[in-house]
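In my numbering, the protein residues as written are 659 to 821. Backbone N, C-alpha and C define an ideal beta-carbon position, used for all residues, glycine too. Remember, predicted model here, so these are calculated numbers, not experimental data. The block underneath contains the structure these notes are about, expressed in structure tokens.
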């Protein structure tokens with residue numbers, strides 16, 4: 659057992675603000691477990707937030723992560739982009755551990771989620787109503803924010819709620 663102190667600090671106001679800025683990005687990387695092989699997979703996805711602030715996406719049944727999230731809804735999301743200059747590892751990024759929940763076509767919250775999604779992803783209007791597409795909500799269980807060199811913070815679900 660290690661006696662080293664945890665280098666990841668509890669979230670402070672600045673860390674929460676940066677996490678919210680990263681959650682405003684229009685795309686993320688989604689990590690999932692492949693149901694056939696049990697190995698990890700990763701995909702870039704369109705990303706947004708529900709009116710409640712909960713992370714969400716729109717996924718086609720043709721994508722491998724669709725079946726994977728149905729079989730094993732535990733997943734992780736990575737938000738953040740390297741800047742135009744400098745070491746990519748010095749730029750902020752947020753890792754969310756979450757559980758995926760598919761919104762069924764007859765779910766009463768779907769029309770509101772659909773409308774909200776289209777406000778921020780208008781090109782999705784071309785395919786959002788196709789039978790093979792589903793809105794997916796992510797319920798965060800924890801997060802780690804890397805705010806740049808030597809700036810790491812642990813966040814809980816309450817830290818990720820809208821301000």
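Report task. Specify whether the segment 691 to 701 and the segment 729 to 749 touch according to this definition: at least 3 beta carbon pairs, one from each stretch, less than 8 Å apart. Result -> Yes, since at least three Cβ pairs between the segment 691 to 701 and the segment 729 to 749 fall closer than 8 Å, the two stretches touch.
Query raised in the report: Cβ atoms of residue 686 and residue 737: under 7 Å apart, would you say?
Result: A distance below 7 Å separates the beta carbons of residue 737 and residue 686.
Query raised in the report: Which runs of the beta strand (DSSP E), 3 residues or longer, sit entirely within the segment 761 to 811?
Result: With a minimum length of 3 residues, the unbroken runs of beta strand (DSSP E) contained wholly in the segment 761 to 811 fall at 791 to 804.
Requested in this report: Kindly list the residues whose CB is nearer than 7 Å to the CB of residue 676, restricted to its own chain and excluding five residues on each side of it in sequence; keep chain order.
Outcome: Closer than 7 Å at Cβ, skipping near neighbours: 750, 803 and 805.
Query - Any 3 or more C-beta pairs closer than 8 Å across the segment 780 to 791 and the segment 706 to 718 - result: Cβ pair count under 8 Å is three or more, so yes.
Query raised in the report: Any idea what DSSP makes of residue 685, helix, strand or coil?
Result: DSSP places residue 685 in the strand class (E or B) of the three-state scheme.
Query raised in the report: Does the beta-carbon distance from residue 701 to residue 723 come in below 7 Å?
Result: Taking 7 Å as the Cβ cut-off, residue 701 and residue 723 qualify as a contacting pair.
Query raised in the report: Is it buried or exposed for residue 798, if we count other Cβ within 10 angstroms and need 16 for buried?
Result: Counting other Cβ atoms within 10 Å of its Cβ, residue 798 reaches 16 or more and is therefore classed as buried.
Query raised in the report: Near residue 775, what residues of its chain come up, given a Cβ to Cβ distance below 8 Å and the 5 sequence neighbours on each side ignored?
Result: Same-chain partners within the cutoff: 706, 714, 716, 782, 786 and 793.
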